[in-house]
Ligand SMILES: Nc1nc2c(ncn2[C@@H]2O[C@H](COP(=O)(O)OP(=O)(O)OP(=O)(O)O)[C@@H](O)[C@H]2O)c(=O)[nH]1
Ligand SMILES: [Mg+2]
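Numbering (the numbering used here), first residue to last: 2 to 410.
Put into structure tokens, the structure is as follows:
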């Protein structure tokens, strides 16, 4: 993460690189003219030599503050002006280290502010946006894909598209559009189309897919969500109408970040609290990336169930409580038979979720657009491409060289 530093040579700054309360380990960066001296004042390596006499990038273990009883930390000096400190992720430990660095003269700077000048200093806004996105991503798989963009996958792809468009433009200048130049334009268009088609996936590298579980009361929605996340997030109970508001739980399925939302059972009868829960459930369902409708195999199929299914024709249909019935007793629509209680059929549901949310195969170093601003620029380039390759080129060059402010991405 050394490249996330800025080269501004003002006061020495301390930046929290990991989001507060999100990680077991927190990484801090001390950046500035006296970075190594500042850290040296507080860091006691377990063995000599002192940090100042350590080779760059060598990882040192030791204690912060007091040689015997201080907080355990791992420190690596990237060079004399940039030192990384990795410590326990608890808020108190981090706050104490930052406070002591401030007492010694460092200035704490929020990470997004620290990263903002990067685009202008490195001239690579895609890299800086990837660094910013990496701080917000939640699974290893999405982090790997963002890291690929950080190391230039998207940039290299856009450079190839620019090259193809330059070939096309050259054909125009000559007055005679030869075949190969024309092919260049078509190939550029195809590559931009592919980037745009994969863009929803790119956005989900930092925003979990939203999957909502809906269905009649008592069908087993809360039990199912708990089974999917692996712990009791939502209260499951034999009484219908147990869940009265939306309960959300974060899960990683096949490495993809998915926010599961449990909703109040959908039915017309019920008290006013339940009615409010149902209204919220319906609002949530409209915004979901995917709906899973859960039915109870032990309950006969009736008009209410059929009506529910008609409301969500795109939904994954689950028939729960397969442990209670040996065969489908009544005619009902096709769906996944499973038991949230025994776990039978859960893997098949996980697979269906992934197949629906990420229908394409994704290579580890695949170029991906991952901000809305990038998508807007590439869409604009694509629209201009057939008539005006020069304009399309400008759109892509802006994307590749203009800093993006974090609130606009
Ligand atoms: N045998 C069996 N019982 C289940 C299964 N899934 C859920 N149950 C039971 O069914 C009852 C209702 O489960 P919940 O998960 O609370 O159902 P819900 O759909 O969330 O219900 P509401 O919140 O009231 O809408 C509980 O007693 C669960 O233990 C299953 O797969 N098999
Ligand atoms: Mg429930």
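Cβ atoms here follow ideal geometry from the backbone N, Cα and C, with glycine treated the same way.
Since the model is a prediction, treat every value here as computed from it, not as a measurement.
Under three-state DSSP, which class holds residue i?
| i | result |
| --- | --- |
| residue 262 | strand |
| residue 143 | helix |
| residue 81 | coil |
| residue 292 | strand |
| residue 160 | helix |
| residue 254 | strand |
| residue 287 | helix |
| residue 152 | coil |
| residue 236 | coil |
| residue 396 | helix |
| residue 326 | coil |
| residue 58 | coil |
| residue 184 | helix |
| residue 125 | coil |
| residue 218 | coil |
| residue 333 | coil |
| residue 299 | coil |
| residue 344 | coil |
| residue 306 | helix |
Mind checking which residues open and close the alpha helix (DSSP H) that includes residue i?
| i | result |
| --- | --- |
| residue 227 | 222-230 |
| residue 41 | 36-43 |
| residue 384 | 373-385 |
| residue 201 | 200-204 |
| residue 365 | Premise fails: residue 365 is in no alpha helix (DSSP H) and is neither H nor E. |
| residue 349 | 347-358 |
Could you please give me the residues that DSSP links to residue i through a beta bridge?
| i | result |
| --- | --- |
| residue 111 | Answer is none; residue 111 lacks a bridge partner. |
| residue 194 | Bridge partners of residue 194: none, in fact. |
| residue 100 | Residue 100 pairs with nothing; no bridge assigned. |
| residue 412 | Here the chain comprises residues numbered 2 to 410, so residue 412 is not present and cannot be evaluated. |
| residue 27 | 88 |
| residue 14 | 32 and 108 |
| residue 318 | 294 |
| residue 249 | 262 |
| residue 46 | 63 |
| residue 338 | 320 |
When you compare the CB of residue i with every CB in chain C, is at least one pair closer than 7 Å?
| i | result |
| --- | --- |
| residue 199 | Absent from the structure is chain C; it holds one protein chain and no more. |
Relative to the C-alpha of residue i, which candidate in the options has its C-alpha closest?
| i | options | result |
| --- | --- | --- |
| residue 167 | 343, 395, 111 and 41 | 395 |
| residue 134 | 398, 370, 256 and 401 | 370 |
| residue 163 | 189, 127, 63 and 376 | 189 |
| residue 301 | 311, 310 and 333 | 333 |
| residue 143 | 18, 130, 357 and 205 | 205 |
| residue 111 | 53, 55, 16 and 72 | 16 |
| residue 252 | 209, 236, 237 and 217 | 209 |
| residue 289 | 247, 108, 393 and 59 | 247 |
Find out if the Cβ-Cβ distance for the pair residue i, residue j is shorter than 7 Å.
| i | j | result |
| --- | --- | --- |
| residue 250 | residue 230 | yes |
| residue 89 | residue 65 | no |
| residue 355 | residue 318 | no |
| residue 27 | residue 99 | no |
| residue 285 | residue 262 | yes |
| residue 378 | residue 400 | yes |
| residue 211 | residue 158 | no |
| residue 339 | residue 323 | yes |
| residue 45 | residue 63 | yes |
| residue 258 | residue 361 | no |
| residue 40 | residue 61 | no |
Under DSSP, the beta strand (DSSP E) around residue i begins and ends at which residues?
| i | result |
| --- | --- |
| residue 215 | 210-215 |
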